[in-house]
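Report on the following structure.
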Amino acid sequence: MNRRLNLSLFLSAIYPLLAVCHGQSYAAESPDEAALQAEVHSKGWIVFSSRSDRGDYDLFICRPDGSARTNITRTPEFNEAWPRYSSDGTKLMYRRLHRDQTIDGNRYGEQGILVMAQSNGSQPKTFGDDGDYPWAGWNQDCSQLLCMSQKGFSIVDIASRKIVRTFPRQGFFQQTTWSPDGKWLVGVANSFGTSWSIARLNIASGAATAVNTIDCCTPDWFPDSANVIFSWRTAVEGINNGYGWTQLWRADAEGKSNRLVYAEEGRHIYGGHVSPDGKYVLFTGNVQEDGDPGSSGAPMGLMRLSDAPVIRGKNTELRARFPNAGTGTVLTLPLGWEPCWTFSETPGKP
Amino acid sequence: MRIQTSKLALVAALGLFSVSCGGKANSGTDARMSDYGTVEVTARLVEVPTGAIFHRELYNYATILKYQIVAVHRGKVPDNAIIYVGHYNPWKPRAEAADSRVKNIGGDSRQFRAGQLQRMALETPMDDFFMGGIVDKYFGRHTGPAYWAVRTNDAD
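Listed in order, the protein sequences are those of chains U and E.
For what it's worth, the numbering used here labels the leading residue of the first sequence as 1177, then goes sequentially.
For what it's worth, the numbering used here labels the leading residue of the second sequence as 77, then goes sequentially.
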């Protein structure tokens, strides 16, 4: 107990210094935040989409504590969206849209041209034409793409650009992601009685099962391929005109249990992304339900998964449901959309 | 004299109105109906379930509605069958429902009312023609693929 107090006092004294040392644009507001900043600062890089000073959406990287924010695309004639690192962090994939095309929170994986680049944004190469390879995602060794179109799923060999396998879509319609172990995909599906369900599909057998139903979106995998992070909105009387706020949840991929991770009064939470070691989660969100990509976006957040559940704001109904929820330590990161995290150092190298 | 002329005009107008209203029933077809879909039916909308149609600005979706077949004009559908039809963004008049994501849908129906007779050009299975959110209040209560409404006109 004394040791914890001493550490707290120590951090309290030095956290402004830590902030300066890390070149942070977001100063810690408490010793706990300073401690979390120090804890994650050197854990690789985050890539995200955000408005540049020219008004277009570019890709940026920053340290997980929000420092060292750097524009890595600088393409005023295009909007860039949905960046994802390869599993080893050496490569980057994203969609490039024309400047006059607004990023659609439900369709971004189908929009624009697929681009593959080095993880620092250099050597960008387009892959196909506008709208090709919709919802494309890499497998573990970056040799194949998993794509989803109205006709169904397809696995594409990147070197030959040939389709090596197809299988039925089974109601999946957006935000599909290939699991780290290559055996599953998770996405948003309409085939479980309610729209916007989160479902998992076994790539070998094609069998699909619901993970969580009713008004869910932006699912992503934990590194163990056995758990899923996702957003879920439950309508609550008296909250946001009875509409409720979208919250960040986790569930086992078999859909047997779920747990609240983070909820905030006054903001929908989207784009959950778990750190490569499974200990932290990134997210973004906005007052606007679609994440507001047509505007300026919202600050990203980072928290320890071990602190979950965390509730921010005066949501009494939620607090009654989750009496053990804390207010947690949550870092406020730069404005960003659909972040992705790698522990590799290569994104920050020239 | 003036009054008599006015009365005559009124009677004539009422007569014309009566002929118009009591005339040929609206079959619901139009010049383009047969160009769309692989199935064409006239069917009665059985009901509009609570929560099946709502307007939410950021959500484009299709809702599944239940119909009783009255006549089959093209394609193979059993007479008097119950079919389930997906309509895109059902809160919009059909003529205004198409957008950049879902093209080539239309018709003259302005809204969906229980008991309404509609003539529809349909495709099936719906999944081959629409990739998006679906509100299905009949989930688990019907088998077989749903139809996708390409063109929807009101009929009498």
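Note that beta-carbon positions come from the ideal geometry of N, C-alpha and C, so glycine has one too.
DSSP beta-bridge partners of U:T1385: On the first sequence, position 209 is the one that residue 1385 of chain U refers to. Partner(s): U:R1376.
7 Å Cβ cut-off: residues of chain U touching E:I145: Within the second sequence, the letter at position 69 stands for residue 145 of chain E. Per Cβ cutoff of 7 Å: no residues; E:I145 is ~24 Å from chain U at best.
Cβ neighbour criterion (16 or more within 10 Å) applied to E:Q187: To locate residue 187 of chain E, count along the second sequence from 1; it is residue 111. Classification of E:Q187: exposed, given that the 10 Å Cβ count is below 16.
Chain-ordered neighbours of U:W1372 on chain E, where CB pairs are closer than 7 Å: For the purposes of this step, residue 1372 of chain U is identified with residue 196 of the first sequence, where counting begins at 1. Neighbours of U:W1372 on chain E, chain order: G209.
Beta-carbon proximity of U:G1369 to U:F1343, cut-off 9 Å: In the first sequence, residue 1369 of chain U corresponds to position 193, counting from 1. In the first sequence, residue 1343 of chain U corresponds to position 167, counting from 1. Going by C-beta atoms, U:G1369 is not nearer than 9 Å to U:F1343.
Of the listed residues U:A1402, U:C1516 and U:S1401, nearest to U:P1259 (C-alpha basis): Indexing the first sequence from 1 puts residue 1259 of chain U at position 83. That would be U:C1516, whose Cα lies nearest to the Cα of U:P1259.
Cutoff 9 Å: E:G151 Cβ touching any chain U Cβ: Along the second sequence, read from residue 1 onward, the residue named residue 151 of chain E stands at position 75. Not an interface residue.
Bridge partner(s) assigned by DSSP for U:G1477: Along the first sequence, read from residue 1 onward, the residue named residue 1477 of chain U stands at position 301. Per DSSP, U:F1459 and U:T1508.
E:A197, enclosing beta strand (DSSP E) - first and last residue: As a position in the second sequence, residue 197 of chain E is number 121, starting the count at 1. Start and end: L193 to E199.
U:C1393 to U:T1422 span [Cα, whole Å]: Residue numbering aside, residue 1393 of chain U sits at position 217 when the first sequence is read from its first letter. Residue numbering aside, residue 1422 of chain U sits at position 246 when the first sequence is read from its first letter. If you take the alpha carbons of U:C1393 and U:T1422, they lie about 9 Å apart.
Helix, strand or coil at U:M1324 [DSSP, three-state]: Reading the first sequence from its first residue, position 148 is the one you call residue 1324 of chain U. Here U:M1324 sits in strand by DSSP.
Between the CA atoms of U:V1364 and U:F1329 - distance to the nearest angstrom: By 1-based counting over the first sequence, the position of residue 1329 of chain U is 153. By 1-based counting over the first sequence, the position of residue 1364 of chain U is 188. Looking at the two C-alpha atoms, the distance is approximately 13 Å.
Proximity test, Cβ basis, 9 Å: U:S1325 and chain E: Numbered from 1 along the first sequence, position 149 holds the residue referred to as residue 1325 of chain U. So, interface residue.
Proximal residues to U:A1312 (C-beta, below 6 Å), its chain only, five neighbours per side dropped: On the first sequence, residue 1312 of chain U is found 136 positions in, with the first residue counted as 1. Here the set comprises L1290, L1321 and C1323.
Chain E residues whose Cβ lies nearer than 9 Å to that of U:R1271: The residue given as residue 1271 of chain U occupies position 95 in the first sequence. Within chain E, no residue comes near U:R1271; the closest Cβ sits about 16 Å away, beyond 9 Å.
Cα-Cα separation between U:G1524 and U:G1442, rounded to whole angstroms: Against the first sequence, residue 1524 of chain U aligns to sequence position 348. Against the first sequence, residue 1442 of chain U aligns to sequence position 266. Going by the C-alpha atoms only, they are around 34 Å apart.
E:G216, DSSP secondary structure in three states: Working through the second sequence from its first residue, we reach residue 216 of chain E at position 140. Coil, per DSSP.
Top-ranked residue by Cα proximity to E:D175, from E:I129, E:V117 and E:N136: Taking the second sequence and counting its residues from 1, one reaches residue 175 of chain E at position 99. For the residues E:I129, E:V117 and E:N136, the minimum Cα distance to E:D175 belongs to E:N136.
U:F1406: contacting residues in chain E (beta-carbon distance under 8 Å): For this step, residue 1406 of chain U is matched to residue 230 along the first sequence. Result: empty, since nearest Cβ-Cβ is about 15 Å, beyond 8 Å.
DSSP state of U:A1203 mapped onto helix, strand, coil: Against the first sequence, residue 1203 of chain U aligns to sequence position 27. Three-state DSSP puts U:A1203 in coil, outside helix and strand.
Which of helix, strand or coil DSSP assigns to U:E1209: Start at 1 with the first residue of the first sequence, and residue 1209 of chain U comes out as number 33. Helix at U:E1209.
8 Å Cβ cut-off: residues of chain E touching U:N1366: Your numbering for residue 1366 of chain U matches position 190 in the first sequence. Here the neighbours are G208, G209, I210 and D212.
Per-residue burial, U:V1340 [other beta carbons within 10 Å of its own, 16 or more giving buried]: The sequence position of residue 1340 of chain U within the first sequence is 164, counting from 1. By the neighbour-count rule (16 or more Cβ atoms within 10 Å), U:V1340 is not buried but exposed.
Buried or exposed by the 16-neighbour rule on C-beta atoms within 10 Å, applied to U:D1234: Your numbering for residue 1234 of chain U matches position 58 in the first sequence. Label assigned to U:D1234: buried.
Nearest-angstrom Cα separation, counted from U:S1228 out to E:L198: Stepping through the second sequence from its first residue, residue 198 of chain E is reached at position 122. Stepping through the first sequence from its first residue, residue 1228 of chain U is reached at position 52. The straight-line gap from Cα to Cα measures roughly 46 Å.
Pairwise C-alpha distance: U:I1374 and U:P1395: Taking the first sequence and counting its residues from 1, the one referred to as residue 1395 of chain U is at position 219. Taking the first sequence and counting its residues from 1, the one referred to as residue 1374 of chain U is at position 198. Going from the Cα of U:P1395 to the Cα of U:I1374 covers about 7 Å.
U:A1496, enclosing beta strand (DSSP E) - first and last residue: Counted from its first residue, the first sequence places residue 1496 of chain U at position 320. Careful: U:A1496 lies outside any beta strand (DSSP E), inside the alpha helix (DSSP H) at T1492 to R1497.
Closer than 8 Å at the beta carbon, the chain E residues around U:G1347: Sequence index remark: in the first sequence, residue 1347 of chain U carries index 171 (1-based). Within chain E, the residues near U:G1347 are D203 and I210.
Sequence-distant residues of its chain with Cβ nearer than 6 Å to E:M109 (five each side left out): For the purposes of this step, residue 109 of chain E is taken as residue 33 along the second sequence, with counting starting at 1. Within the same chain, E:M109 has close Cβ partners A197 and R227.
Simplified DSSP state of U:D1305, which is helix, strand or coil: Position 129 of the first sequence holds residue 1305 of chain U. Coil.
Simplified DSSP state of E:P154, which is helix, strand or coil: Taking the second sequence and counting its residues from 1, one reaches residue 154 of chain E at position 78. Looking at E:P154 - three-state DSSP - the assignment turns out to be coil, as it is neither helix nor strand.
Same chain only: Cβ atoms within 6 Å of U:N1282, ignoring 5 sequence neighbours per side: Within the first sequence, residue 1282 of chain U is the residue found at index 106, counting from 1. Closer than 6 Å at Cβ, skipping near neighbours: Q1350.
Closer than 8 Å: E:R177 CB and nearest the ligand COA heavy atom: With respect to the ligand COA, the structure shown offers nothing to examine, as it has no ligands at all.
Integer-rounded CB distance, given that U:N1434 should sit under 8 Å from U:R1426: Translated into the one-based positions of the first sequence, residue 1426 of chain U becomes position 250. Translated into the one-based positions of the first sequence, residue 1434 of chain U becomes position 258. The Cβ separation is near 7 Å, so the contact holds.
The region 179-193 of chain E contacting the region 1300-1307 of chain U, beta-carbon criterion three pairs below 8 Å: no
U:T1342 in three-state terms, based on DSSP: Position 166 of the first sequence holds residue 1342 of chain U. U:T1342: strand per DSSP, three-state reduction.
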